[in-house]
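Working notes, structure below.
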Amino acid sequence: MKKTLTATAIIAASFGLHAAEKTEVTIAGWGGNDVVVLNKLVNDVLADDFDKAGIEVKYQAVEGDFSQFITNSLSAGTAPDAFYIDVVFANTMVQSGKVAANSAELNSVAKHMIPSLNASFTLQGDQYGVAKDFNTIALQYNKDIFDDAGVDYPTSEDSWDQLRDKLLAVKQELGDEVSGVCVMPDYARFAPFALATGWKPFNEKGQTVLDENFERAFNFYTGLVTDDEVGILATDLGQGWGGGCFGTEETAIALEGNWISGYLRDKAPNLPYGTTMMPKDPVSGERGNLLFTVAGASTPMARISQRRKKRLKF
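Numbering (the working numbering), first residue to last: 597 to 910.
Shown next as structure tokens:
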């Protein structure tokens, strides 16, 4: 719901219209359950407000790679009026000149957000978009799989080694029927392990650091597949991410953010699962994580048609 409220706040703050003639405004977001929620918000909850403002809102649901969709549509000049930008691609998109800096109205909305989130979308003193919320990586576990194997559920007190032992026990009991975890060859899932060791990605000169802490985390993470054989690549199961493996009950655990909850609600509504924190590094006793966020942004005024220019005010 937070993302839908942010999206409509962006519309209200970005598009100050005269009510003489309705203007169509397109906003883009994710598919799945979001479509139902946002369409109800637009067509029922806020319908009167939009009607008074002279706005006709259309929601464009994107089922595939959303960031790729926005990148392509911005390049082609076919981007929706309002959309989300991932913090990973924020600088690139802003520097392209195809994302509008916040108006005074949008900045008034942004001031209610966590400052560090706003900073992620600020370049040379100007903020581009409003952060909608944030996510971190957690560990999801299939209760049925652990129950069938007679193994204790993962807990927030587990170390890497203790988690690995539990996955080994599941594998020993259930065999090839299930894998422990889909290991993703990406920084997002590996970073929590590396950061838990105290590893810093860059030194004071901006150079990449590959020290013994990094090596230890890397060996554990990749070793789940190569040494312990409790991990499997998502592609080996015909999946593109850990949530897909988990939702089909082919793995005992997943390492995902809260975005997995909507997916499981739609694709595996009867799957009994629990969630706990990431395991701790057995050496440092700490756990690491990343913060993921996206911002609601809009196209620059210069890229909106002359017809809309007469009726849109940023």
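Note that CB positions come from ideal geometry on N, CA and C, so glycine has one too.
Cβ distance (whole Å) where residue i is taken to contact residue j below 8 Å
{"i": "Tyr737", "j": "Gly858", "result": "Tyr737 to Gly858, Cβ: 18 Å. No contact."}
{"i": "Ser880", "j": "Ala792", "result": "6 Å"}
{"i": "Lys767", "j": "Val821", "result": "At roughly 12 Å, the Cβ-Cβ gap does not stay under 8 Å, so Lys767 and Val821 are not in contact."}
{"i": "Gln656", "j": "Pro676", "result": "5 Å"}
{"i": "Leu851", "j": "Leu735", "result": "6 Å"}
{"i": "Phe888", "j": "Asn687", "result": "Not a contact, Cβ separation roughly 16 Å."}
{"i": "Val653", "j": "Val621", "result": "5 Å"}
{"i": "Leu634", "j": "Ala784", "result": "Incorrect: roughly 26 Å between the Cβ atoms, too far for contact."}
{"i": "Phe685", "j": "Ser663", "result": "6 Å"}
{"i": "Pro868", "j": "Lys739", "result": "4 Å"}
{"i": "Val779", "j": "Leu713", "result": "Actually they do not touch by this definition, with Cβ atoms about 29 Å apart."}
Proximal residues to residue i (C-beta, below 6 Å), its chain only, five neighbours per side dropped
{"i": "Phe786", "result": "Tyr817"}
{"i": "Gly843", "result": "Leu860, Lys863, Ala864"}
{"i": "Pro896", "result": "Ala696"}
{"i": "Ala891", "result": "Ile681, Phe717, Gly725, Val726, Ala727"}
{"i": "Lys599", "result": "Unreliable placement is indicated for Lys599, whose pLDDT of 49 sits below 50; the coordinate value is still reported in the next sentence. Once the five neighbours on either side are set aside, the close Cβ partners of Lys599 are Lys728."}
{"i": "Lys905", "result": "Unreliable positioning characterises Lys905 in this predicted model, as indicated by a pLDDT of 44, which lies under 50. The coordinate reading is nonetheless provided below. For Lys905, where only same-chain residues beyond five positions count, there are no Cβ hits under 6 Å."}
{"i": "Ala790", "result": "Phe810, Ala813"}
Enclosing alpha helix (DSSP H) for residue i [first to last residue]
{"i": "Asn703", "result": "700-706"}
{"i": "Val821", "result": "808-822"}
{"i": "Ile849", "result": "Counting along the chain, Ile849 falls outside any alpha helix (DSSP H), though it belongs to the beta strand (DSSP E) covering 847-852."}
{"i": "Glu769", "result": "756-770"}
{"i": "Gly795", "result": "A quick correction: the sequence has Trp, not Gly, at residue 795. Run containing Trp795: none; DSSP gives neither H nor E here."}
{"i": "Lys863", "result": "855-863"}
{"i": "Ile651", "result": "Not the alpha helix (DSSP H): Ile651 falls in the beta strand (DSSP E), residues 651-658."}
{"i": "Ser671", "result": "662-672"}
{"i": "Ser712", "result": "711-715"}
Cβ-based neighbour list, residue i, same chain, cut-off 8 Å, excluding 5 preceding and 5 following
{"i": "Asn698", "result": "Ala706, Asp722, Gln723, Tyr724, Gly725, Val726"}
{"i": "Gly839", "result": "Ala850, Glu852, Trp855, Ile856, Tyr859, Leu860"}
{"i": "Asp757", "result": "Pro878"}
{"i": "Met597", "result": "Residue placement at Met597 is poorly supported in this model, since its pLDDT is 46, which falls under 50; the coordinates still yield a value, given next. Excluding sequence neighbours, Met597 sits near Val633."}
{"i": "Trp795", "result": "Val805, Asp807, Asn809, Phe810, Ala813"}
Own chain partners of residue i with C-beta closer than 7 Å, once the 5 adjacent residues on each side are dropped
{"i": "Ala745", "result": "Ala765, Val766, Glu769, Leu770"}
{"i": "Glu846", "result": "Val774, Ser775, Leu833"}
{"i": "Asn799", "result": "Val805"}
{"i": "Asp824", "result": "Arg760, Leu764"}
{"i": "Asp645", "result": "none"}
Opening and closing residue of the beta strand (DSSP E) in which residue i lies
{"i": "Gln736", "result": "734-738"}
{"i": "Ala678", "result": "678-682"}
{"i": "Gly776", "result": "775-778"}
Cβ of residue i within 7 Å of any chain C Cβ
{"i": "Ile710", "result": "Of the protein chains in the structure, only one exists, and it is not chain C."}
* Asked: Any contact of the stretch 702-716 with the stretch 830-842, i.e. 3+ C-beta pairs under 8 Å?
  -> At 8 Å Cβ cutoff, the stretches do not touch.
* Asked: Do the stretch 745-754 and the stretch 716-725 meet, that is, are 3 or more Cβ pairs less than 8 Å apart?
  -> no
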